[in-house]
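Residue numbers (our numbering), protein chains in the order written: chain A, 14 to 433; chain B, 18 to 352.
Yeah, the Cβ is synthetic: ideal placement off N, Cα and C, and Gly gets one too.
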Amino acid sequence: MAPTRTAMTAIALALATPAFAASEESVLSTYADIAAANYEDSLITAQRLQSKITTLISAPSAEALTAARAAWLAARVPYQQTEVFRFGNAIVDDWEGKVNAWPLDEGLIDYVDASYGGPSDENELAALNVIANPTFALSGAQIDATRITPALLEETLQEADGVEANVATGYHAIEFLLWGQDLNGHGQGAGNRPWTDYAAGDACTNNNCDRRGEYLAAATELLISDLEYMAAAWGAEGEARQTLTADTQDGIASILTGMGSLSYGETAGERMRLGVMLNDPEEEHSCFADNTHNDHFYNGVGIQNVYLGSYIRVDGSVVTGPSLSDLVAETDAVLDTEMRTKLSAAVMALGQIKIAAEAGFAYDQMLERGNAAGEALIMGGVNGLIDQTRTIERLVSVLSAGEISIEGSDSLDDPDAVFH
Amino acid sequence: MKRICLIAVLVTLPFGTQAQPVAEAILKSHIFPRFEALATASSDLANKAQESCAPASKELRGAYHAAFDAWVSASHLRFGPTERQDRAFALAFWPDSRGATPRTLAALIADKDPVATSADAYGDVSIAARGFYALEFLLFDDTLKAAGDPAYHCALVQTVSSDISNNASAILVDWTSRYAGIFLAPGPEGRYRSEEEVLQELLKALSTGLQFTSEARLGRPLGTFDRPRPNRAEARRSERSARHVALSLSSLQDLAIRLAGLDTALAADFSAKFAIAQNGLTALNDPVFKTGASLQTRIKVEVVQQNVDSIRSVVTQELGPTLGVAAGFNSLDGD
Numbered sequence: 014m015a016p017t018r019t020a021m022t023a024i025a026l027a028l029a030t031p032a033f034a035a036s037e038e039s040v041l042s043t044y045a046d047i048a049a050a051n052y053e054d055s056l057i058t059a060q061r062l063q064s065k066i067t068t069l070i071s072a073p074s075a076e077a078l079t080a081a082r083a084a085w086l087a088a089r090v091p092y093q094q095t096e097v098f099r100f101g102n103a104i105v106d107d108w109e110g111k112v113n114a115w116p117l118d119e120g121l122i123d124y125v126d127a128s129y130g131g132p133s134d135e136n137e138l139a140a141l142n143v144i145a146n147p148t149f150a151l152s153g154a155q156i157d158a159t160r161i162t163p164a165l166l167e168e169t170l171q172e173a174d175g176v177e178a179n180v181a182t183g184y185h186a187i188e189f190l191l192w193g194q195d196l197n198g199h200g201q202g203a204g205n206r207p208w209t210d211y212a213a214g215d216a217c218t219n220n221n222c223d224r225r226g227e228y229l230a231a232a233t234e235l236l237i238s239d240l241e242y243m244a245a246a247w248g249a250e251g252e253a254r255q256t257l258t259a260d261t262q263d264g265i266a267s268i269l270t271g272m273g274s275l276s277y278g279e280t281a282g283e284r285m286r287l288g289v290m291l292n293d294p295e296e297e298h299s300c301f302a303d304n305t306h307n308d309h310f311y312n313g314v315g316i317q318n319v320y321l322g323s324y325i326r327v328d329g330s331v332v333t334g335p336s337l338s339d340l341v342a343e344t345d346a347v348l349d350t351e352m353r354t355k356l357s358a359a360v361m362a363l364g365q366i367k368i369a370a371e372a373g374f375a376y377d378q379m380l381e382r383g384n385a386a387g388e389a390l391i392m393g394g395v396n397g398l399i400d401q402t403r404t405i406e407r408l409v410s411v412l413s414a415g416e417i418s419i420e421g422s423d424s425l426d427d428p429d430a431v432f433h
Numbered sequence: 018m019k020r021i022c023l024i025a026v027l028v029t030l031p032f033g034t035q036a037q038p039v040a041e042a043i044l045k046s047h048i049f050p051r052f053e054a055l056a057t058a059s060s061d062l063a064n065k066a067q068e069s070c071a072p073a074s075k076e077l078r079g080a081y082h083a084a085f086d087a088w089v090s091a092s093h094l095r096f097g098p099t100e101r102q103d104r105a106f107a108l109a110f111w112p113d114s115r116g117a118t119p120r121t122l123a124a125l126i127a128d129k130d131p132v133a134t135s136a137d138a139y140g141d142v143s144i145a146a147r148g149f150y151a152l153e154f155l156l157f158d159d160t161l162k163a164a165g166d167p168a169y170h171c172a173l174v175q176t177v178s179s180d181i182s183n184n185a186s187a188i189l190v191d192w193t194s195r196y197a198g199i200f201l202a203p204g205p206e207g208r209y210r211s212e213e214e215v216l217q218e219l220l221k222a223l224s225t226g227l228q229f230t231s232e233a234r235l236g237r238p239l240g241t242f243d244r245p246r247p248n249r250a251e252a253r254r255s256e257r258s259a260r261h262v263a264l265s266l267s268s269l270q271d272l273a274i275r276l277a278g279l280d281t282a283l284a285a286d287f288s289a290k291f292a293i294a295q296n297g298l299t300a301l302n303d304p305v306f307k308t309g310a311s312l313q314t315r316i317k318v319e320v321v322q323q324n325v326d327s328i329r330s331v332v333t334q335e336l337g338p339t340l341g342v343a344a345g346f347n348s349l350d351g352d
């Protein structure tokens with residue numbers, strides 16, 4: 014390390030007064046506590062969603078559909094913050110596709126507009142429409158879907174024919190069933206599914222209302238059981254927590270891997286920049302509900318949460334403890350400040366997208382060809398995330414230069430480990 | 018003219034105490050020649066398209082192949098100038114798992130969208146309808162090569178070719194006039210804080226390039242054992258799939274050996290491992306990986322893929338520590 018850096022660090026150290034005395038173990042413990050609370054909050058808000066959906070199916074009305082949509086939007090707030098636990102924790106990656114897979118060929122599930130097209134080169138099942146078809150052929154076998162159950166969705170339809178776009182479960186399948194396709198192109202407005210898609214008897218629109226309700230109930234039930242599993246995995250004796258804390262060096266590397274991968278490859282790249290470059294309103298993370306601005310924003314907040322070791326729960330209480338920030342500050346307070354500054358800047362840039370979207374400038378509109386203001390807003394978020402990734406890479410070097418040796422960790426040195 | 022620019026910049030670069038020999042040599046002998054070749058071949062492509070825009074034109078197709086070769090040979094160098102203004106994305110949008118390229122081109126043609134009459138205006142179009150993979154559809158796809166009004170189709174071919182040339186030229190100019198200085202002069206306020214960060218960028222380019230060739234170029238057409246996906250092979254319509262693997266490996270070998278530098282044992286190991294992969298590919302003799310669908314030949318493609326993966330292991334486990342850096346995050350880190 015260059016002599017100037019050492020001198021700077023010494024000065025910074027003298028000035029720094031960390032909020033907590035941080036040991037690696039205590040940092041990991043805070044991180045796992047935040048994960049447990051964050052997944053539990055995701056579960057609580059999903060249970061609220063389930064109760065609204067039960068009402069929608071048993072006593073369909075416009076009000077019931079609106080209430081279910083509001084509950085879905087609220088449920089996304091904690092869940093999107095948990096995405097920072099992906100990439101670094103294998104147990105989360107193995108599970109995540111069941112709850113948040115995206116993008117989806119929604120024609121697999123229900124009716125779609127004629128402009129959607131039919132089966133494609135990539136996906137022969139893109140327009141299968143399970144809700145309208147109690148039996149169908151899949152990879153040569155005849156499938157009995159007369160009853161739409163959680164098992165049918167999870168074991169038969171999810172990623173059917175090995176195609177990832179066949180998303181049968183999770184938040185986005187439920188989103189499609191609550192909102193329907195967004196047919197407004199680059200214009201304002203989300204999907205506009207009528208509540209009568211769940212109505213009984215002659216009031217039923219678009220046919221098969223009972224099967225549609227059955228699908229929605231089954232998908233919601235699965236979401237709840239999947240979230241129960243993950244909330245428990247981060248509990249005191251849970252598998253995710255035990256794996257994380259089994260080796261402190263690997264544990265710290267897991268935190269950094271999640272922060273960097275979510276910032277860069279996932280949110281900045283796949284979800285945000287690609288949409289701008291393709292000018293495609295289908296390239297919205299929550300394209301049915303028009304909630305994409307919140308998806309990105311809460312991803313940014315989640316990354317900040319784990320670095321600062323502080324999470325605001327859905328009941329307003331705060332989970333906090335010794336943090337990665339404290340740990341970095343003990344070695345290099347200048348770098349800690351740089352990291353905190355960049356995280357704040359990224360959250361602010363993502364917040365500007367949210368502000369504009371909530372004031373009526375829909376994310377669809379921002380993606381339109383030649384829309385310079387929209388492109389500038391989205392690229393502001395992308396650049397903030399890319400910029401913070403560079404500093405996260407610097408954290409890796411600093412932490413490995415001290416007592417923690419991150420070099421040799423699978424999750425950072427072997428792209429495969431991150432990729433799966 | 019571009020050649021003159023390049024020499025002028027090289028003379029003024031701060032080759033002094035701050036510049037480091039490995040990065041400097043890689044810049045001069047690996048990076049510059051590749052982007053120079055890309056700019057020259059792309060300019061020739063734009064000119065040929067002006068002379069003859071017919072999809073079957075031998076001259077046009079020849080220029081397309083030459084320029085695409087030049088891109089693939091530079092395609093691992095995804096940092097700095099290629100990432101500004103979406104230049105590399107606009108040259109090469111692939112994989113396209115949602116079929117955006119044919120869909121977007123078909124819409125332009127059906128609407129006779131006037132945006133296709135100007136290469137400058139075309140810079141605002143979806144990247145799915147720009148670059149080499151879009152041009153391939155216009156020249157080789159059974160449907161799109163004959164779609165729409167011939168005059169409009171001709172204009173679209175010319176505009177896509179000119180847009181490629183504009184982008185290739187912008188990357189070269191950006192490297193020579195701006196980024197070379199940044200690359201060779203790391204400092205506390207710079208894009209690169211230290212020499213290690215410059216080496217990390219190069220290591221990441223090497224590692225990501227190998228990963229992309231293994232997982233996308235070889236892995237996509239292979240699909241799974243039960244479900245091979247030959248239609249997902251890269252640039253299969255112009256029969257370039259295996260050629261891209263060979264060209265990328267050749268470039269990545271050059272970079273790996275230069276990064277290994279004075280560690281001759283490591284350089285020799287790279288040479289041997291790259292030769293194994295290239296020989297396996299040659300023996301396969303299958304330009305579009307159709308054989309992935311048959312059992313016996315599928316194994317041979319998988320072996321090439323394993324060879325590439327074993328090179329990447331050497332990069333992360335031996336070359337990284339030799340250089341004192343880890344590969345960091347790359348754009349393939351998401352799902």
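- From the listed residues V105(A), L138(A), S330(A), G202(A), the smallest Cα separation to G120(A) is found for L138(A).
- Against chain A, a Cβ distance below 8 Å from T241(B) picks out G175.
- P38(B) and E212(B) have their C-alpha atoms some 10 Å from each other.
- Check the Cα spacing between I161(A) and each of E172(A), G153(A), S128(A), T148(A): the tightest is with T148(A).
- Taking 7 Å as the upper bound on Cβ-Cβ separation, chain B lies near residues G273, S274, Y277, G278, E279, G282, E283 of the region 271 to 287 of chain A.
- Between the C-alpha atoms of E343(A) and L337(A) there is a straight-line separation of about 10 Å.
- In the three-state reduction of the DSSP assignment, D326(B) falls in the helix class.
- Residues of chain A with a Cβ closer than 8 Å to the Cβ of A117(B) are, in chain order, L291, D293.
- Rounded to the nearest whole angstrom, the CA to CA distance from T404(A) to A222(B) is 18 Å.
- The region 171 to 185 of chain A and the region 107 to 119 of chain A touch, with no fewer than 3 CB-CB distances between them shorter than 8 Å.
- Look at I325(A) here: in three-state DSSP terms it is strand.
- Collapsing the DSSP output to three states places D303(B) in coil.
- At a beta-carbon threshold of 7 Å, the residues of chain A lying near F106(B) are M290, ordered along the chain.
- For the pair V342(B) and L216(B), the CB atoms are nearer than the 9 Å cut-off.
- Listed in chain order, the non-local C-beta contacts of A203(A) below 6 Å within the same chain comprise W192, D195, A302, D303, local neighbours out to five positions each way being set aside.
- In this structure, I199(B) lies away from T99(B), with their beta-carbon atoms at least 9 Å apart.
- Taking a beta-carbon distance threshold of 9 Å, P116(A) counts as an interface residue toward chain B.
- With contact defined as three or more Cβ pairs closer than 8 Å, the region 392 to 400 of chain A and the region 215 to 222 of chain A are not in contact.
- Spatial neighbours of T121(B) in its own chain (CB-CB distance under 6 Å, excluding positions within 5 residues in sequence) are listed in chain order as S143, A145, A146.
- Taking the Cα of W115(A) as reference, the smallest distance to any Cα among D308(A), L69(A), T68(A) is reached at D308(A).
- Rounded to whole angstroms, L239(B) and A80(A) show a C-alpha spacing of 46 Å.
- Within chain B, the residues placing a beta-carbon under 7 Å from that of V409(A) are A343, ordered along the chain.
- Taking 9 Å as the CB threshold, F346(B) lines the interface with chain A.
- Rounded to whole angstroms, the separation of the alpha carbons of S133(A) and I156(A) is 21 Å.
- Within the region 250 to 276 of chain A, the alpha helix (DSSP H) runs of at least 4 residues that lie entirely inside it are, in chain order, 252 to 259, 261 to 274.
- Scanning chain B for C-beta atoms nearer than 7 Å to the C-beta of R382(A) yields D141, V142, S143, reported in chain order.
- Of the candidates L380(A), Q401(A), D118(A), Q401(A) places its Cα closest to the Cα of L275(A).
- In this structure, A49(A) is the residue among V125(A), G282(A), A49(A) with its C-alpha nearest to the C-alpha of G248(A).
- Annotated as distal: V289(A) and M361(A), with beta-carbon spacing of 9 Å or more.
- Just measuring C-alpha positions, the residue of G130(A), D377(A), F98(A), G183(A) sitting nearest A232(A) is G183(A).
- Three or more Cβ pairs closer than 8 Å define a contact, and the region 312 to 325 of chain A falls short of that threshold against the region 70 to 80 of chain A.
- The beta carbon of R206(A) lies closer than 6 Å to those of W192, G193 in the same chain, with the five residues before and after it left out.
- Sequence-distant Cβ neighbours of S135(B) in its own chain, meaning closer than 8 Å and more than five residues away, are T176.
- By the criterion of a C-beta distance shorter than 6 Å, T159(A) is surrounded in its chain by P147, once the five residues flanking it on both sides are discounted.
- The residue among S267(B), K45(B), P304(B) with its C-alpha nearest the C-alpha of S255(B) is P304(B).
- For F242(B), the closest C-alpha among the options H82(B), R315(B), A84(B) is that of R315(B).
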